[in-house]
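Student: This is the structure I want to talk about, given as C-alpha cells.
2 protein chains.
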Amino acid sequence: MPRNKAYSEDMVLEKAMHVFWGKGYEATSLRLLEKEMGINQFSIYSSFTNKKNLFLESIRKYREYVSQNVYQSLLKEDAGLAELKAFLMEKRKNINLRGCLVVNTAAEVGARDQSIAKEVNLYYDFIRDMLKNVLLNAKKKGEISPDVDVEAYANFFLGVMQGLSIAAKTLDESQIKDFISIALMKVK
Amino acid sequence: MPRNKAYSEDMVLEKAMHVFWGKGYEATSLRLLEKEMGINQFSIYSSFTNKKNLFLESIRKYREYVSQNVYQSLLKEDAGLAELKAFLMEKRKNINLRGCLVVNTAAEVGARDQSIAKEVNLYYDFIRDMLKNVLLNAKKKGEISPDVDVEAYANFFLGVMQGLSIAAKTLDESQIKDFISIALMKVK
DNA sequence: ATGAATACTAAACGAACGCTTTGAATTAAT
DNA sequence: ATTAATTCAAAGCGTTCGTTTAGTATTCAT
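Chains as they are written, first to last, in the numbering used here: chain V, 1 to 188; chain S, 1001 to 1188.
Below, the structure is given as C-alpha cells:
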C-alpha cells in the first residue's frame, strides 16, 4: 500500500556525514543539511529523528567510510610495519583539510555530551584494535622486536594519528613530515 | 569628564577566554558571555567590537595565560630535556578536559576563517619557538646528541602536544602515559 | 476504481541567535 | 550648578535555529 521512499537513507546519511565532517556539529544547520542531502527537513526528521541522532549515525557511517577509503591497507588481515609506514608517509602529503571527523568532534563537543562521547570512544577502540593487529603482525614478521609492548605502541600511534589530524589543519607538509618521520623512528 | 569603567577589560577578557575554552566558538552565545563576563552586551561590544574579535583577543590572551600557567617551566631561559620530560610526564596526569583552546579552535574552525587561522598559526609559532629553544639547550647541556635536527624535533613535539590535547579528552590516564613515554624515548 | 498507508512539499512554530539602540545614571571639568 | 562625556541595564532589531504541522501526491492490496 505505501508509497516508496524516493531516496536511499544510506546515501543521504553519507552526504550528511560529509557536511558534518567539513563544518562540525554546531555550525551545520538543518537548512544546509536539507540542501546537501537533497531531501527536505520533514524527511530528515522522519528518517533520522533529530539533528543529534543524525550526527551520531554520521559518526558510525564515518567508521564505515574510513574502513573502505582511508584505512583499507591497514585493515588487511596481515598488514604490518611496512603498511603502517607507507600509510603514514602517504598520509602526510595527502593531507585532508577537514582533518578527522572524530577528532574534530572530540575537540568541539568533548565530554559535554555523553552519547557523542560514547560514539567517539567506540571509534578509537576500533582504531586501537586495528593498530594492535598491525603491531602483532609486525612482530610475527620480525619487523619489530618481540618484546615491544603492543598495547602501549598502539596507544602511541593512536596519539600520533590524533596529532596528525590537527597538524593537517595547521602545519605545512614539511612540518608534518618531520612529525611522522620521527614518530616512525620510535618503533623497530 | 568621563565616568570610570566599572570593570577591567583585561579581567573580563580572561573570563571570556575561559568560556570559549570550555565551549568552543559557535556554541558560546553572547548571552552566556554576558553572564560569565559579568558585564552586559553593550559593554562587550563597546570594549571588543563584536563576537569574533572578542574571540581573536581571547586566543591572544590564551597565549599569555599558558605562558604563565602551563608552559612557565619550559619558557625558562635555560630549560632543557629534563624540563621537557618533567612537563610531559606531569601533564599526562593533570589532564585538562577542555583540552587546548587553540587545538579546539583548529578543529572547529580550521581554515574556514582566515583571521582565526592566522591567530592559530601565531600560537603554534610561539610553541615551536619554545620547543626549539628547549632542544638547543638540551644540546648545549649534552642531554641530546649534537646532530639532532632541532627544527624537526620541535615539529615532532609540537605534533605530540596537539595529539595530547585530543587524547586528554578521549583516552584515559594509562593510555596517555603510553603515548607520552614512547614519544620521549630516544631523543638523542 | 477505491481506500488505506506512507512520502513529500511548503509553510510556520516558538525560542534563541548576533547585534544595535535607547534612555537613564554617573562622572568630572567648567 | 551646569554641561559634556561615558557607562550601563534593558529592550528590541531582523534572522536563523531545531522542530512540527497541514495539505497534497503517490503507491499498492483489494
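Quick reminder that beta carbons are idealized off the backbone N, C-alpha and C, glycines included. All of these numbers come straight from a predicted model, not from anything done at the bench.
Buried or exposed: where does residue 1080/S fall if 16 or more other Cβ atoms within 10 Å of its Cβ makes it buried?
Tutor: The residue in question, residue 1080/S, is buried, as its Cβ has 16 or more Cβ neighbours within 10 Å.
Student: Nearest by alpha-carbon distance to residue 1183/S: which of 170/V, 163/V, 168/V is it?
Tutor: Among 170/V, 163/V, 168/V, the Cα nearest to that of residue 1183/S is on 163/V.
Student: For a minimum of 4 consecutive residues, which ranges assigned as the alpha helix (DSSP H) are wholly contained in the segment 1099-1183 of chain S?
Tutor: Whole alpha helix (DSSP H) segments, 4+ residues: 1101-1109, 1114-1140, 1150-1170.
Student: Please check if any C-beta of chain S sits within less than 8 Å of the C-beta of residue 97/V.
Tutor: For residue 97/V, the answer is yes, since a Cβ of chain S falls inside 8 Å of its Cβ.
Student: With a threshold of 16 other CB atoms inside 10 Å of the CB of residue 201/V, please say whether the residue is buried or exposed.
Tutor: The structure shown does not extend to residue 201/V, since chain V is modelled only from 1 through 188, so no value can be given for it.
Student: Please classify residue 98/V: is it buried, with 16 or more other beta-carbons within 10 angstroms of its beta-carbon, or exposed?
Tutor: With 16 or more other Cβ atoms within 10 Å, it is buried.
Student: Going by alpha carbons, who is nearest to residue 1105/S out of 1034/S, 1153/S, 1060/S?
Tutor: The candidate whose alpha carbon is nearest that of residue 1105/S is 1060/S.
Student: What does residue 1162/S reach in chain V if we use C-beta pairs closer than 8 Å?
Tutor: Chain V residues near residue 1162/S: 162, 163, 166, 167, 170.
Student: Straight-line CA distance for residue 6/V to residue 19/V?
Tutor: Taking the straight line joining both Cα atoms gives about 21 Å.
Student: State whether the segment 1148-1155 of chain S contacts the segment 1119-1134 of chain S, with contact taken as three or more CB pairs (one from each stretch) at a distance under 8 Å.
Tutor: Counting Cβ pairs under 8 Å, three or more are found: they touch.
Student: Might you give, ordered along the chain, the residues of its own chain that have their beta carbon closer than 7 Å to the beta carbon of residue 1058/S, omitting 5 neighbours on each side?
Tutor: Cβ neighbours of residue 1058/S beyond the five flanking positions: 1013, 1016, 1017, 1020.
Student: Can you tell which of 185/V, 168/V, 181/V, 174/V has its C-alpha closest to the C-alpha of residue 95/V?
Tutor: Here the closest residue by C-alpha is 168/V.
Student: What are the boundary residues of the alpha helix (DSSP H) that includes residue 66/V?
Tutor: Taken as a continuous stretch (DSSP letters only), the alpha helix (DSSP H) holding residue 66/V covers 51-69.
Student: Rounding to the nearest angstrom, what Cα-Cα distance links residue 1083/S and residue 35/V in this structure?
Tutor: Straight-line Cα distance between these residues: approximately 52 Å.
Student: Residues of chain V with CB under 8 Å from residue 1124/S, in chain order?
Tutor: Neighbours of residue 1124/S on chain V, chain order: 170, 171.
Student: Can you look up residue 9/V in the DSSP assignment and give me helix, strand or coil?
Tutor: If DSSP states are grouped into helix, strand and coil, residue 9/V belongs with the helices.
Student: Counting only beta-carbon atoms, is residue 113/V nearer than 8 Å to chain S?
Tutor: No, residue 113/V lies away from the interface with chain S (no Cβ there is under 8 Å from its Cβ).
Student: Under a Cβ-count criterion, where at least 16 other Cβ atoms within 10 Å of its own Cβ denotes burial, should residue 1064/S be classed as buried or exposed?
Tutor: Label assigned to residue 1064/S: exposed.
Student: Residues in the same chain with beta-carbon distance under 6 Å from residue 1053/S, minus the five sequence neighbours each way, listed in chain order, please.
Tutor: Closer than 6 Å at the Cβ level, and outside the excluded window around residue 1053/S, lies no residue.
Student: Hey, quick one: how far does the alpha helix (DSSP H) through residue 211/V stretch, first residue to last?
Tutor: No answer is possible for residue 211/V: the residues shown for chain V start at 1 and end at 188.
Student: So with Cβ pairs under 8 Å, would you call residue 1133/S a contact of chain V?
Tutor: Residue 1133/S does not count as touching chain V.
Student: Please list, in chain order, all residues of the same chain as residue 115/V whose beta carbon is under 8 Å from its beta carbon, the five residues on each side excluded.
Tutor: Closer than 8 Å at the Cβ level, and outside the excluded window around residue 115/V, lie 52, 56.
Student: Give the interface partners of residue 153/V over in chain S, defined as CB-CB distance under 7 Å, in chain order.
Tutor: Chain S residues near residue 153/V: 1182.
Student: Which value, in whole angstroms, describes the spacing of the CA atoms of residue 27/V and residue 40/V?
Tutor: Their Cα atoms are separated by approximately 18 Å.
Student: Got a sec: which bits of the segment 1006-1030 of chain S sit with their beta carbon under 7 Å from any beta carbon on chain V, in order along the chain?
Tutor: The segment 1006-1030 of chain S vs chain V, Cβ under 7 Å: 1024, 1026, 1027.
Student: Return the CA-CA distance between residue 185/V and residue 1186/S, expressed in angstroms with no decimal places.
Tutor: Straight-line Cα distance between these residues: approximately 9 Å.
Student: For chain V, find out if any of its Cβ atoms is closer than 8 Å to the Cβ of residue 1186/S; answer yes or no.
Tutor: Yes, residue 1186/S lies at the interface with chain V (some Cβ there is under 8 Å from its Cβ).
Student: State the DSSP-derived secondary structure class of residue 1091/S, mapped to helix, strand or coil.
Tutor: The answer is helix: DSSP assigns residue 1091/S an H, G or I state.
Student: Buried or exposed: where does residue 142/V fall if 16 or more other Cβ atoms within 10 Å of its Cβ makes it buried?
Tutor: The residue in question, residue 142/V, is exposed, as its Cβ has fewer than 16 Cβ neighbours within 10 Å.
Student: Distance check for residue 37/V and residue 46/V, CA to CA, integer angstroms please.
Tutor: Taking the straight line from one Cα to the other gives about 14 Å.
Student: Taking the beta carbon of residue 1092/S as the centre, do at least 16 other beta carbons fall within 10 Å, making it buried, or is it exposed?
Tutor: Buried: at least 16 other Cβ atoms inside 10 Å.
Student: Taking DSSP as the reference, what is the three-state secondary structure of residue 1022/S?
Tutor: In this structure, residue 1022/S counts as helix in the three-state DSSP scheme.
Student: Where do the ends of the alpha helix (DSSP H) carrying residue 1075/S lie?
Tutor: Here the alpha helix (DSSP H) through residue 1075/S covers 1072-1075.
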